[in-house]
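Line order of the protein sequences matches chains Z and L.
Position 61, counted from 1, in the first sequence is what our numbering calls 61; the numbers after and before it change by one each time, with no gaps.
Position 188, counted from 1, in the second sequence is what our numbering calls 188; the numbers after and before it change by one each time, with no gaps.
Note sheet for the following structure.
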Amino acid sequence: MVVSRFSQFVCKFKQASRSIYRCLIISITVTLTPSLQAAANPADPNKVLRIAFPTAESGFDPVRVNDLYSNTITHALFHTLVSWDWLAKPARLVPYAAEGMPEISDDGRTYTFRIRKGLLFTPDAAFKGKRRELVAQDFAYTLKRHADPKSRSPQLSDLEDKILGFAEANRAAVSSGRFDYDAEIPGIQVLDRYTLRIKLIRQERNFLSLLANPYAGGMAREVVEHYGLEATMSNPVGTGPYKIEKWVRGSKIILSANPDFPAFTWDFEAPELDEADKRVVAQMKGRKMPQIGRVEISIIEEPQSAWLAFSSKSIDTIAVPPSFIEKALDANNRLLASWAEQGVGMYRSVEPDIRYQFFNLKDPVIGGYTKEKIALRRAIILGYDVDEEIRVIRKNQAVKAEQMVAPVIPGHDPNYRSIVRYDPGLANALLDQFNYRKGADGYRTQPDGKALVFTIYSTTSSVDRERDELWKRSMDRIGIRLEVKKDKFPELLKQGKQCAISSWALGWTRSAESEFVMKLLSSKTIGQNNYACFESKAYDQYFEDLKRLPDGPERKRVLHNMYRLMEVYGVLGLSSTSIATRLHHPWVEGYRKHPLLLSDFHLMDIRKP
Amino acid sequence: MAAYVIRRLWQMLPTMAGVVLLVFFLFNWVGGDPAYVLAGLFSSQEQIASIRKELGLDEPMWRQLLIFVKQVISFDFGTSWTTGEKVSQIFATRLPASLTVVAPLLVIETMIGVVIAIAVSWVRGSWIDRSVMIVCTTAMSISILVFIIVGQYLLAYRLNWFPVQGWGESFTTNLFVYAPLPILLGLMVSIAPNTRLFRSFILDEIDQDYVRTARAKGMNEARVMFIHVLRNALIPVITFVISNLPGLLLGAFLLERFFGIPGVGREIILAVERSDFPVIKAVTVYVALATMVFNLIGDLLYRLADPRIQLK
Chain Z
1 MVVSRFSQFV CKFKQASRSI YRCLIISITV TLTPSLQAAA NPADPNKVLR IAFPTAESGF
61 DPVRVNDLYS NTITHALFHT LVSWDWLAKP ARLVPYAAEG MPEISDDGRT YTFRIRKGLL
121 FTPDAAFKGK RRELVAQDFA YTLKRHADPK SRSPQLSDLE DKILGFAEAN RAAVSSGRFD
181 YDAEIPGIQV LDRYTLRIKL IRQERNFLSL LANPYAGGMA REVVEHYGLE ATMSNPVGTG
241 PYKIEKWVRG SKIILSANPD FPAFTWDFEA PELDEADKRV VAQMKGRKMP QIGRVEISII
301 EEPQSAWLAF SSKSIDTIAV PPSFIEKALD ANNRLLASWA EQGVGMYRSV EPDIRYQFFN
361 LKDPVIGGYT KEKIALRRAI ILGYDVDEEI RVIRKNQAVK AEQMVAPVIP GHDPNYRSIV
421 RYDPGLANAL LDQFNYRKGA DGYRTQPDGK ALVFTIYSTT SSVDRERDEL WKRSMDRIGI
481 RLEVKKDKFP ELLKQGKQCA ISSWALGWTR SAESEFVMKL LSSKTIGQNN YACFESKAYD
541 QYFEDLKRLP DGPERKRVLH NMYRLMEVYG VLGLSSTSIA TRLHHPWVEG YRKHPLLLSD
601 FHLMDIRKP
Chain L
1 MAAYVIRRLW QMLPTMAGVV LLVFFLFNWV GGDPAYVLAG LFSSQEQIAS IRKELGLDEP
61 MWRQLLIFVK QVISFDFGTS WTTGEKVSQI FATRLPASLT VVAPLLVIET MIGVVIAIAV
121 SWVRGSWIDR SVMIVCTTAM SISILVFIIV GQYLLAYRLN WFPVQGWGES FTTNLFVYAP
181 LPILLGLMVS IAPNTRLFRS FILDEIDQDY VRTARAKGMN EARVMFIHVL RNALIPVITF
241 VISNLPGLLL GAFLLERFFG IPGVGREIIL AVERSDFPVI KAVTVYVALA TMVFNLIGDL
301 LYRLADPRIQ LK
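What follows is the structure, given as structure tokens:
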């Protein structure tokens, strides 16, 4: 994204004082001469950003990591072909390591990328003293690594049903025990040093957004072979704006600016900006970037420790932990005067996530497609007090979810209203109508007279405990006896994939497009992510349409129909989407958060004391 | 003595075998399947099967057990399933941080505990003794979490006497800048039970016949306490301290977590959360082994403390 605009930015900057001729010379020189690029990076080593992660990272091999915080770092270390525009709403893809957006064939199945020249990997022993340029082969290699079973890539399911020959290559490696990186995969073709062609099995309108993920960053094969599979986790070598300077696992990550990363001018614009973003534009426009020369990330797991670290100015920014929200905001969600007086800035944003409770349609008690089973599930959903969950458990730092697609995700329709509301009266009436009779103890039985026990599963986390209590109170109101079963997360995953869990709360985050979240209920993903084990030909057909249809009223109608099917069958009880409150000290400039762009250190600045 | 040590070392083998079997079957039957964690929420059964194969989880039980035994014998537990880091490296890099906090804590809490216990035993039954016991009982009834949360807020944030959290790169910085507050809070938690325990050890000795005899012979009270009573009371104190030593390997999870100390305790909790079996297995085996070795050292120390003790 940034790199692709570099020449243009430099030109604009120079126009005021120099001729167009000189400008062209500079842009050509900067593109082709690595040494000049190195000199161009204006990052100041004395500008240090100190932040905290609430969870430990697992490593920095983009193909293998699967957690938000490790991905945030890998995003800073590696170039992806495309990335997200910093300001555009809804989110918009722009070229990053690619020279421009790819050429897409008429049938929508072939993407041809031209890689920018002159992007250099940070020096490493794996390169034996030579400078190494990022080339098309590096992106092909990364994609192939996902197909290698030894990589244990968590992203395999994202790619295997899309790239031509990908699943076959994976299966062949599983059976032979060896992945041949020199063998061609029909869907991944390197046409020349700087040209990569990706062929898809079928048209996939959202394929490009997958390539914006850090896991698609260009990796040098020499590095992985030099360090070996396991040690690549701790020896990431990329071309991104930062490199690892020091890493104390689970405690501290120190990034320093990559001197070879090409400079650019902060020149982002968007047609509709809110007040917070207007302030960012006013503050940052025209600055030579990156500015921050060093990023110190501490792993601070305890909310109190993180909050006190921010309050004592030991860290520069914080995503306010829910348990400390009252120390930051007043009852109207405005920043407390005590903070405002110190010049502390606030950035509140709706997060790209959604929480829901699934109901297993294969469960012997609540599952099934008969009217009385559907009525039971719908009554349960109507009877659960989502508003209280938002008010008490989420401390009003969430908004009620009306649809499966979160508000900041492309495809979200702000005008859509769910037919599901918290209404215990209606829930009771529905249960009465379908002969779920109340006994002397106040609890209902099934229509055939058997005991009715609704079982939910949860982990031992404190939030889950609070939700269990709320579920108990909610179900008592409609006369349904609730049983809560506790288990470890991996065990719940295992049972869930086998359709053996009646109901469990899960979440979905950072989905770049509606299609990815709607996949949750496709019958093809039973055993994968369709934990409700919902099977509907109508839904499946809509899902196929969704993959094909461009933005527009037809696509919107399909999404509405899918939401309605989910509501009518009582498959998911949608809960909420979180609102994050982030504070930053006054010396942090240009601070904002993008819903999908994980690493943003190169887009902010620090005012030196 | 040598025969005794050899016999005790020999006896460790069946104990270790029992530990290995117990750990192996517990993790295979009770522990969650790590392949599901590694594959993520949206993985297919084929992917999970593939990961299980890569981790060797699809091998027959006897073969997995054999691999585990080999790992125990060679002290090579392979690499962490989630981070790819060598398990030995995890311990080598996390243990110093844990020891920087826990080792001084153990030494100081024992010394202070013994001193206070002697002092209150000296004036046993007096208002000072009763007051100290009331304070100890009250302190014991307060959760460690309260000490940490209040201590961090008050001493670090409000009074600014210590850093709120963090860990440096040099041992001296860590010991004198970052570790003092965790150590202080650890002491607040541990001194009370130690004092009560050590006091009971001393009082047990004070009522013995040999103490009465020493007093009857005209020995002054200080000599009775420090030469006769303390020497004998040291044996259960040594037992107590030695039994706590394997805990050094486990670090102090809560202190490490609140103060951002990159120690073993945090690592173990992370490993449990991620079902990272190589790390959990290694910890269990290391701690079992350390317990046995420290018990042996404790027995040898008894003889140093009291030459009358015969090791058989």
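In this text, a Cβ means the ideal position worked out from N, Cα and C, and glycines have one as well.
Here the structure is a predicted model, which means the values were calculated and not measured.
Under the Cβ distance rule, Arg-266 of chain L counts among the residues neighbouring chain Z, one pair being separated by less than 8 Å.
Secondary structure at Arg-294 of chain Z: strand, using DSSP grouped into helix, strand and coil.
Judged by DSSP in its simplified three-state form, Glu-245 of chain Z adopts strand.
For a Cβ distance threshold of 8 Å, nothing in chain Z lies close to Pro-104 of chain L: the least Cβ distance comes to about 20 Å. Membership of Asp-299 of chain L in the alpha helix (DSSP H) is indicated by the continuous run 277-305. For the options Z:Val-82, Z:Asp-353, Z:Lys-485, the alpha carbon positioned closest to that of Val-405 of chain Z is the one of Z:Asp-353. With a cut-off of 8 Å on Cβ pairs, the region 319-333 of chain Z is not in contact with the region 532-540 of chain Z, counting fewer than three such pairs. Among the residues facing chain L, Leu-308 of chain Z is included, as its CB has a counterpart in that chain under 8 Å away. Between Leu-255 of chain L and chain Z, the shortest Cβ-Cβ separation is not below 8 Å. Distance from Tyr-563 of chain Z to Gln-403 of chain Z at the Cβ level is roughly 5 Å; contact confirmed, criterion being Cβ atoms closer than 8 Å.
In terms of Cα proximity to Gln-155 of chain Z, the closest of Z:Asp-180, Z:Pro-123, Z:Leu-210 is Z:Leu-210. Interface annotation, Gly-250 of chain Z: in contact with chain L, CB-CB separation under 8 Å.
Beta-bridge pairing by DSSP links Tyr-347 of chain Z to Z:Arg-582. Excluding residues up to 5 positions away in sequence, Leu-482 lie with their Cβ nearer than 7 Å to the Cβ of Lys-472 of chain Z in the same chain. Using a Cβ-Cβ cut-off of 8 Å, Leu-249 of chain L does not count as an interface residue toward chain Z, since no Cβ of chain Z sits closer than that to its own. Listed in chain order, the non-local C-beta contacts of Gly-59 of chain Z below 7 Å within the same chain comprise Val-65, Ser-70, Met-233, Ser-234, local neighbours out to five positions each way being set aside. Taking 8 Å as the upper bound for CB-CB distance, Arg-197 of chain Z and Thr-110 of chain Z are in contact here, some 6 Å apart. DSSP places Asn-561 of chain Z inside the alpha helix (DSSP H), whose first and last residues are 553-569. Around Lys-395 of chain Z, the same chain offers Pro-322, Ile-325 as residues with beta carbons nearer than 6 Å, after the five sequence neighbours per side are excluded.
The contact set of Ser-58 of chain Z on chain L, defined by CB atoms closer than 7 Å, consists of Thr-82, Thr-83 in chain order. His-560 of chain Z and Arg-377 of chain Z have their alpha carbons spaced roughly 20 Å apart.
Residue contact check for Gly-56 of chain L against chain Z: no CB pair falls below 8 Å. Among the residues facing chain L, Pro-149 of chain Z is included, as its CB has a counterpart in that chain under 8 Å away.
With contacts defined by Cβ atoms closer than 8 Å, Ile-261 of chain L and Ala-271 of chain L do not form a contacting pair. Bridge partners of Pro-95 of chain Z according to DSSP: Z:Val-82.
Under a criterion of Cβ atoms nearer than 9 Å, no residue of chain Z is adjacent to Trp-62 of chain L; the nearest Cβ is some 21 Å distant.
In this structure, Ile-202 of chain L lies away from Leu-301 of chain L, with their beta-carbon atoms at least 8 Å apart.
Here DSSP, grouped into helix, strand and coil, assigns Ser-458 of chain Z to strand. The DSSP-derived three-state label of Asp-464 of chain Z is helix. Within the model, the alpha-carbon separation for Asp-148 of chain Z versus Trp-587 of chain Z is close to 45 Å.
In the structure shown, Ala-3 of chain L adopts helical secondary structure according to DSSP, grouped into three states. Of the residues assessed, Glu-184 of chain Z falls on the exposed side of the cut-off, its CB having fewer than 16 other CB atoms within 10 angstroms. Across the structure, Tyr-194 of chain Z and Leu-598 of chain Z are spaced so that their CA atoms are roughly 26 Å apart. For Asn-435 of chain Z, the closest alpha carbon among the candidates Z:Tyr-569, Z:Pro-271, Z:Phe-601, Z:Glu-372 is that of Z:Glu-372. At a Cβ-Cβ threshold of 8 Å, His-585 of chain Z and Lys-313 of chain Z count as neighbours. In this structure, Phe-258 of chain L keeps its C-beta atom at 8 Å or more from the C-beta atom of Arg-266 of chain L.
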